[in-house]
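S.K.: So in our numbering, the last spot in the sequence shown is 150, and the numbers never skip. Backbone N, C-alpha and C fix where the C-beta goes; we use that ideal spot for every residue, glycine too. From a predicted model like this one, the values you see are computed outputs, not experimental measurements.
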Amino acid sequence: MDVNYTIETDYSKDVVLALLSDPEFTIKTFLPVKEIKKESENLYSVTLPGTLGNVKMSTRYVNNGDTITLIVNLIRPKGVGKMMIKPEDKRIDIKGTSSIWTDPILAISMNRKVSKLKKEINEILRLERIRRKI
């Protein structure tokens, strides 16, 4: 399954990249997270909503300078996926790929998360800038 989203924002690429340099903020902002726990540097255990209970996955955060990549290994159900977040001036491009059939509840949760982000991203980024004094 492949998905592509574009989210319009009021902020420049540099500001968004500075904010997305925090792995926990990035994971909580772009995934419909119920629970997150740090396992080691740049490796997180994440729980998402699913049809037959929670979906558990291990998420690795990779910052390539101009692109943030979240590499996910789903524990239950088994599978792998990748989300690439590429900030540009005044927008954020998101590309997601997955090697498994997507749980319908997880797919709905992701679509709701992105729809909510499209409306609230500027406020989320503004509050994070204030919190981190960027």
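Does the structure place the region 18-28 close enough to the region 104-112 that three or more beta carbon pairs sit under 8 Å?
M.R.: Contact holds: three or more Cβ-Cβ distances are below 8 Å.
S.K.: Could you give the first and the last residue of the continuous alpha helix (DSSP H) run that contains residue 51?
M.R.: Segment 51-56 is the beta strand (DSSP E) holding residue 51; no alpha helix (DSSP H) there.
S.K.: With a 10 Å radius around its C-beta and 16 neighbouring C-beta atoms as the bar for buried, classify residue 69 as buried or exposed.
M.R.: Counting Cβ neighbours within 10 Å, residue 69 comes out exposed, since fewer than 16 surround it.
S.K.: Nearest by alpha-carbon distance to residue 32: which of 39, 146, 141, 124 is it?
M.R.: Checking every option, the nearest Cα to that of residue 32 belongs to 141.
S.K.: Rounded to the nearest angstrom, what separates residue 62 and residue 80 at their Cα positions?
M.R.: C-alpha separation (whole angstroms): 22 Å.
S.K.: Short check: CB of residue 36 to CB of residue 50, under 8 Å?
M.R.: Going by C-beta atoms, residue 36 is not nearer than 8 Å to residue 50.
S.K.: Cutting at 8 Å between CB atoms, please list the residues of its own chain near residue 44, excluding the five before and the five after it.
M.R.: Cβ within range, chain order: 52.
S.K.: Which residues mark the beginning and the end of the beta strand (DSSP E) in which residue 72 is found?
M.R.: Here the beta strand (DSSP E) through residue 72 covers 69-79.
S.K.: Look at the Cβ atom of residue 46, then the Cβ atom of residue 100, and state whether they are nearer than 8 Å.
M.R.: In this structure, residue 100 does not lie closer than 8 Å to residue 46 by Cβ.
S.K.: Rounded to the nearest angstrom, what separates residue 143 and residue 114 at their Cα positions?
M.R.: Approximately 31 Å between the Cα atoms of the pair.
S.K.: Run the CB neighbour count on residue 150, radius 10 Å, all protein chains shown included, and call it buried at 16 or more, exposed below.
M.R.: By the 10 Å Cβ count, residue 150 comes out exposed.
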